[in-house]
Amino acid sequence: MEERGLSEEEVLSLLEEKKRKDLKYERIFSSMCSYPHKIAVKAHMKFLEANLGDSGIFAGTKEMEDECIEMIARLFHAENAHGYISTGGTESNIQAIRAFRNLKRKEWRGSPKEGEKMNIVVPASAHFSFDKIADILDIEVRKADLDDELRVDLSDVEALIDRNTIGLVGIAGTTEFGQIDPIRELGDIALRNDIFLHVDAAFGGFVIPFLEKKYDFDFAVEGVSSLAADPHKMLTATIPAGCILFRERRFLESLAVETPYLTTKTQFSLTGTRSGAAVAATFSLLKFLGREGMRRIVRECMRLTEMLVERCKTFGVHPVIEPVMNVVALNVPHAEGVSEALKRRGWITSVTREPKALRLVIMPHITESILSEFLEDLKAVLA
Ligand SMILES: *Cc1c(COP(=O)(O)O)cnc(C)c1O
929 MEERGLSEEE VLSLLEEKKR KDLKYERIFS SMCSYPHKIA VKAHMKFLEA NLGDSGIFAG
989 TKEMEDECIE MIARLFHAEN AHGYISTGGT ESNIQAIRAF RNLKRKEWRG SPKEGEKMNI
1049 VVPASAHFSF DKIADILDIE VRKADLDDEL RVDLSDVEAL IDRNTIGLVG IAGTTEFGQI
1109 DPIRELGDIA LRNDIFLHVD AAFGGFVIPF LEKKYDFDFA VEGVSSLAAD PHKMLTATIP
1169 AGCILFRERR FLESLAVETP YLTTKTQFSL TGTRSGAAVA ATFSLLKFLG REGMRRIVRE
1229 CMRLTEMLVE RCKTFGVHPV IEPVMNVVAL NVPHAEGVSE ALKRRGWITS VTREPKALRL
1289 VIMPHITESI LSEFLEDLKA VLA
């Protein structure tokens, strides 16, 4: 920081210069975020100063958060869920597993034994946030194998459960392949073993309810204890907006810390000061789009996803699995090299870990003409 500040024009021109270095979403196939919706931007701008870390001061913003939780809970078939708007899937996942640990710690009193750790069983396809969880919470994260369709293998899940297992994780919309784990079956396993089940629907949460095909993945499944769904992904809210929901109040209570000197007595969130603006954005989208609006957005993303797959098949490229949602992994030889070559043509794609494939997410910023242009380049790169 210099002694004397710059003029407003100077600062704005610096910002322009930096902005030019950022890529535009129109050529991005690797991200699960997109441009925020117009109404979300308006809502966000109105609540820039609102801090939900001290929600007594911002009663209206807090009301919006409570109403978001109600609306999202109903979308996921819970009459009455308990949660808050988090910073995203990572925080939601951390908080779910932290609540499982806190509740089991109380229940188990003293277990696990000296030198042993509590553990959770997650699919091998789990998002890397679970590696952070292992580190932060000092919990062992056991990774269960996947089947041929890249869903978690239920017999491997059962084999990994032991007396120190506190919970399972199922993914509804895997980050790499967009696959949905068998949540109902995982729920049965959780109930039989008296452990919790967290559903990571960070991406799929705002896709699956609006697909033509129906899936059991939410609180309609009895064994599901908690669910994460990110408004800043397919709902196109402003960043940072995640949502963590628990079936019962006691999960949230287990996260409470006392907050002396604030307007509220306790706090459940992982972060302290947190954005009311992103809550306003989420609220405005839930109200503005309605289920019908979301169905329209998801339908268009799926139409383009199917078009992409069909066109790829005409030049001999097939998806690793038939896309369940708007995430496609294409079986191409030397996926990393293809991704690099596409980058030289201005396209950002990514590559999955196992099996290796070219990964594309068809977000709302992708249009039919962008997709056609991309397909021409993909074909040329592969030739
Ligand atoms: C995106 C994603 C996350 C992480 O969410 P952030 O908002 O980036 O923290 C977690 N799980 C899944 C399945 C995801 O797709």
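So the sequence shown is residues 929 to 1311, counted in my numbering. Just so you know, even glycine gets a beta-carbon here, dropped at the ideal spot from N, CA and C.
- Note on geometry: alpha-carbon atoms of Arg1002 and Arg1224 lie some 19 Å from one another.
- CA-CA distance, Arg1175 to Gly1274, rounds to 45 Å.
- Ala1054 has its alpha-carbon roughly 11 Å from the corresponding atom of Leu1096.
- DSSP places Glu930 in the coil class of the three-state scheme, outside both helix and strand.
- Taking non-hydrogen atoms of ligand 1 into account, the C-beta of Ala1130 is found less than 7 Å away from one of them.
- Distance from Ala1118 to Asp1109 at the Cβ level is roughly 12 Å; contact not present, criterion being Cβ atoms closer than 8 Å.
- Secondary-structure assignment with DSSP links Tyr1012 through a beta bridge to Ile1172.
- Here Glu1019 carries a helix assignment [DSSP, helix/strand/coil].
- In chain order, Leu1082 place their CB closer than 7 Å to the CB of Glu1113, counting only its own chain and leaving out the 5 sequence neighbours on each side.
- For the pair Arg955 and Ile1276, the CB atoms are nearer than the 8 Å cut-off.
- If the five residues before and after Lys1307 are omitted, its C-beta is found closer than 7 Å to the C-beta atoms of Phe1243, all from its own chain and listed in chain order.
- Look at Asn1021: its beta carbon is less than 7 Å from one of the heavy atoms in ligand 1.
- Scanning Lys1193, Ala1087, Arg1070, Ser1057 for the CA closest to the CA of Gly981 turns up Lys1193.
- Within the DSSP secondary-structure output, Ser1203 pairs in a beta bridge with Asn979.
- Look at Ser1154 here: in three-state DSSP terms it is strand.
- Classified as exposed, Asp950 has fewer than 16 neighbouring CB atoms from the shown chains inside 10 Å of its CB.
- The segment 1129-1138 makes no contact with the segment 1176-1192, as fewer than three CB pairs between them are under 8 Å.
- Asp1158 has its alpha-carbon roughly 24 Å from the corresponding atom of Arg1070.
- No heavy atom of ligand 1 is found nearer than 7 Å to the CB of Gly1133.
- Less than 8 Å divides the Cβ of His972 from the Cβ of Ala1205.
- Arg1227 has no beta-bridge partner at all, per DSSP.
- Ala1156 is a Cβ neighbour of Asn1021, given a cutoff of 8 Å.
- Per DSSP, the unbroken beta strand (DSSP E) holding Glu1068 starts and ends at 1068-1072.
- Rounded to whole angstroms, the Cβ separation of Val1266 and Leu1286 is 6 Å, and the two are in contact under 8 Å.
- In terms of side-chain proximity, the C-beta atom of Ile1111 is found no nearer than 7 Å to any non-hydrogen atom of ligand 1.
- DSSP places Gly1221 within a helical segment (H, G or I) once states are collapsed to three.
- Bounds of the alpha helix (DSSP H) holding His972 are 966-974.
- A straight line joining the alpha-carbon of Glu1104 with that of Ile1048 spans about 21 Å.
- The Cβ neighbour count for Pro1261, taken over all protein chains shown within 10 Å, is under 16; the residue is labelled exposed.
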